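J.:
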Amino acid sequence: MRLFNTLTSKKEEFKPLDGKMVRVYVCGMTVQDSPHMGHLRVFTVFDFLYRFFHIIGWDVKAVQNFTDIDDKIIQRSKEEGVDWRELADRYEYEYREIAKRMNFLPIFHPRATQHIQEIIEMIEKILENGYAYVKDGNVWFSVKRYSEKYGYGVLSKMSLDDMLAGARIEPDPTKEDPLDFALWKAKKEGEPYWPSPWGEGRPGWHIECSAMSSKHLGLPFDIHGGGRDLIFPHHEDEIAQTKGATGKEFARFWIHVGLLTTEGEKMSKSLKNYFLAKEALQDFSPNVIRLMLLYGHYRSDLEFYPDKLVEFSKAFSKLNEKLSHIHGDIDDKLKSELLDILKDDLNTPEFFANVFKLAESERKDTLYTLKYILTNLGFKFDEDTKEDVVLKRLLDLREAARKERNYELADKIREILRMARVEIMDTPKGTKYRIF
RNA sequence: GGUGGCGUAGCCAAGCGGUCUAAGGCGGCGGUUUGCAAAACCGCUAUUCCGGGGUUCGAAUCCCCGCGCCACCUCCA
């Protein structure tokens, strides 16, 4: 298949290094708050990618970290008067619940603080190789020294001068150069810390991903991904640290997911324009959320508004109506045509356009092929038509009223159900409903 | 200021040199159906792709110049 590689800025032919098993590392949550739809988009895209790899015959070893120690967790723990570990546990649990609801494939989730040893070892190697220096219990990565050997900025395509030009923050006085970044931060009063050869302290932001990815996947591995906002500095620094420590190639392909926007602007906590994943899951099925998030191409920004979930509820209902009870044989030709679309840099918009067109077919094999592929890509049919006892009794009541021509009552029941976001359809085969 | 990207119907969003008088979803309009509805089904809904030049037999797609927007350069998926 072909994938767009941020490293080379073009689509390239992709195959797993060992020919069978794709090794992927995705930057996961910093567990300091509830995941919002923007986070969910990234993880939905990667779940879709893993599932697609499986369909075309590759195994996947996916690692997605939880960063459970960082400035914001510490800050929040101070604000709330709650131990930082408790906060991290709370939001890790929230993420796992959401992942389960979303029908994500189970993958490995290492935690930063369980890899302090590996992190320290990696920093020691970087120091040995001369790309870092110790100052007052801090360990800084020397961007200039590293850059002379390997070139810094290969991913973000920025020159050192470019980066300096935009430097907006007061450099830390213990840094030799404003571009340098922290590998290890000296302990501050009241903050969590671990012992290290440089004194008590904690890891810098980027190093945990370098340590965990190389430990669990080996070097080099196939794909490293995350939100587009991580390209600089996070991913750039991961590359520098890993090469600085090992001299080896890091990830071959870098895949970055576009941002979820509201009114054109990035969804983020600071802009207060975010919509929580758990809110969406309260009211809409995972199918709807999955479809909505994948209906745009993964590399483009995607506009979000709450009504979009309503729109996609309707769209998914149509598919569900068509496919839920279908059985047949797989049309191999059709199957490979549809998969070919996805082989081109995961062109989900084109793929779903075809799905909706083909769903109008009367041919059982065509419909079953769609159902087969979509199910393997994480959708669940039938789910929205499960009988619910209370609902069924209400429908029986309404049916009785209709038989007595008590349309006033029948309409009242329909109206109430509508308010509860259940829509009724009277068909020759009886009353159907759908939850929207 | 630097770097990267985007601007396609009411909204969302593909297409990236010919099959484009531009996919698909939502919405809207008309019809079939219905106790009335809804759903479903059928039909219609951009001769045109931010503006202006250019390259080409041919451009939404390539190049140049404007205008507008976004992201990153500070924590961020």
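Sequential numbering of the first sequence, starting at 9, is according to the working numbering. Don't be surprised by glycine CBs; every beta carbon is placed ideally from N, CA and C. None of the values given here were measured: they were computed from a predicted structure.
1. Roughly how many whole angstroms lie between the Cα atoms of residue 269 and residue 192?
2. Between which two residues does the alpha helix (DSSP H) holding residue 349 run?
3. Verify the contact flag: residue 154, CB atom, against every heavy atom of the ligand FAD, threshold strictly below 7 Å.
4. Pull up the distance between the alpha-carbon of residue 226 and that of residue 111, whole angstroms please.
5. Below 8 Å on the Cβ atoms is my contact criterion, and I expect residue 286 with residue 102 to pass it. Report the Cβ-Cβ distance as a whole number of Å.
6. By how many angstroms is the C-alpha of residue 345 removed from the C-alpha of residue 392?
7. When you compare the CB positions of residue 386 and residue 54, do they come within less than 8 Å of one another, or not?
8. Residue 449: which of 429, 428 and 75 sits nearest, CA to CA?
9. In chain order, what are the residue ranges of uninterrupted beta strand (DSSP E) at least 3 long that sit wholly in the region 173 to 203?
10. Confirm, please, whether the CB-CB distance from residue 375 to residue 336 is below 8 Å.
11. Can you round the beta-carbon distance between residue 130 and residue 249 to whole angstroms, since I take them to be within the 8 Å contact cut?
12. Which stretch, first to last residue, makes up the alpha helix (DSSP H) that contains residue 90?
13. Using CA coordinates, which residue listed in 442, 333, 436 and 61 is at the minimum distance from residue 399?
14. Given residue 2, which residues of its chain have a CB within under 7 Å of its CB, disregarding the five upstream and five downstream residues?
15. Residue 25 by DSSP, collapsed to three states: which one?
16. Just reading off the alpha helix (DSSP H) that residue 432 is part of, what are its end residues?
17. For residue 43, which three-state DSSP category applies?
T.: Short version:
1. Rounded to whole angstroms, the separation of the alpha carbons of residue 192 and residue 269 is 34 Å.
2. 340 to 351
3. The ligand content of the structure shown is nil, which means the ligand FAD is not present either.
4. 28 Å
5. 7 Å
6. A caution first: residue 392 carries a pLDDT of 44, below 50, which makes its placement in the model unreliable, though a value can still be read off. Between residue 392 and residue 345, the C-alpha separation is close to 29 Å.
7. no
8. What is shown of the chain runs 9 to 444, which leaves residue 449 out entirely.
9. 189 to 194
10. In this structure, residue 375 lies closer than 8 Å to residue 336 by Cβ.
11. 7 Å
12. Unbroken run through residue 90: none, as it is neither H nor E.
13. 442
14. Nothing about residue 2 can be read from this structure; the chain reaches only from 9 to 444.
15. The answer is coil: DSSP assigns residue 25 none of H, G, I, E or B.
16. Here residue 432 belongs to no alpha helix (DSSP H); instead the beta strand (DSSP E) covers 430 to 435.
17. coil
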